[in-house]
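Below is one structure, written out as C-alpha cells; comments come after it.
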Amino acid sequence: MNINNKKILIFLMTIMLCQFQMLNLKADDHSSLDDEELPAIDPFAGGVGSTNQASGTDTEVSSNNGLLNNMRLVGTIIGENKQIAVFSAADGGAYKYEEDQAITDTTMIRNIYSDFVIVQDGANNLFEVYMNNIIKPSDG
Numbered sequence: 219m220n221i222n223n224k225k226i227l228i229f230l231m232t233i234m235l236c237q238f239q240m241l242n243l244k245a246d247d248h249s250s251l252d253d254e255e256l257p258a259i260d261p262f263a264g265g266v267g268s269t270n271q272a273s274g275t276d277t278e279v280s281s282n283n284g285l286l287n288n289m290r291l292v293g294t295i296i297g298e299n300k301q302i303a304v305f306s307a308a309d310g311g312a313y314k315y316e317e318d319q320a321i322t323d324t325t326m327i328r329n330i331y332s333d334f335v336i337v338q339d340g341a342n343n344l345f346e347v348y349m350n351n352i353i354k355p356s357d358g
C-alpha cells in the first residue's frame, strides 16, 4: 500500500509541475506591436501636399488644388474590364472613380494608368495626377 501511495503522489506532483510549465508558456505568448498591421492612410502625414518638393512643382500643385477639390491620388486598380482610381480627401475619406467619371463639377477622369491618372478640367485642359501629389499639364 505504501508503494501505491508513493506512485500516486509522484504522478500527482508530475501533473502539477506540467501545469505550472504550461502557465509559463502561455504568459510568453503575447503579440508585439511590430506584428500588428498598419493603417492604409498615415494619420501623421500632415495635409495633402508634401513640403519637401521642388519649388517648380509646388506652384503647379498649389494652383491645381481646386482641380481635385483638395484630394490626393493614393492608388489605382487596373483590371481586365475596369480601371479604378482611389483618391483620399483631407478629412481621411477614400473615394473611388472610374474612367470618364466626374470628380467635381468641372473635373473628369479621362484615363487611368498604373502610376498616374489623366484628368480634364472645365476648359478641356488635360493634367497628369501622380501618386506623390504632383499635378502637371499633360502633353496630350
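Going by this note's numbering, the first residue of the sequence shown is number 219, and it counts up by one from there. For glycine and all other residues, C-beta sits at the position ideal for the given N, C-alpha and C.
Should residue i be labelled buried (16 or more other beta-carbon atoms within 10 Å of its own) or exposed?
i	result
phenylalanine 345	buried
lysine 224	exposed
methionine 289	buried
phenylalanine 305	buried
isoleucine 330	buried
For the putative contact between residue i and residue j, defined by C-beta atoms under 8 angstroms, what is the C-beta separation to the nearest angstrom?
i	j	result
leucine 291	tyrosine 348	7 angstroms
threonine 294	serine 356	Rounded, the Cβ-Cβ distance is 16 angstroms, inconsistent with contact.
arginine 328	isoleucine 336	5 angstroms
Cα-Cα, which of the options is closest to residue i?
i	options	result
alanine 303	Ser356, Gly310 and Glu316	Glu316
aspartate 339	Met326, Asn288 and Gly310	Met326
isoleucine 352	Asp309, Ala308, Phe334 and Asn343	Phe334
Ignoring anything shorter than 3 residues, give me the beta strand (DSSP E) runs that lie fully in the segment 282–353, in order along the chain.
290–296, 301–306, 312–316, 326–330, 334–338 and 344–348
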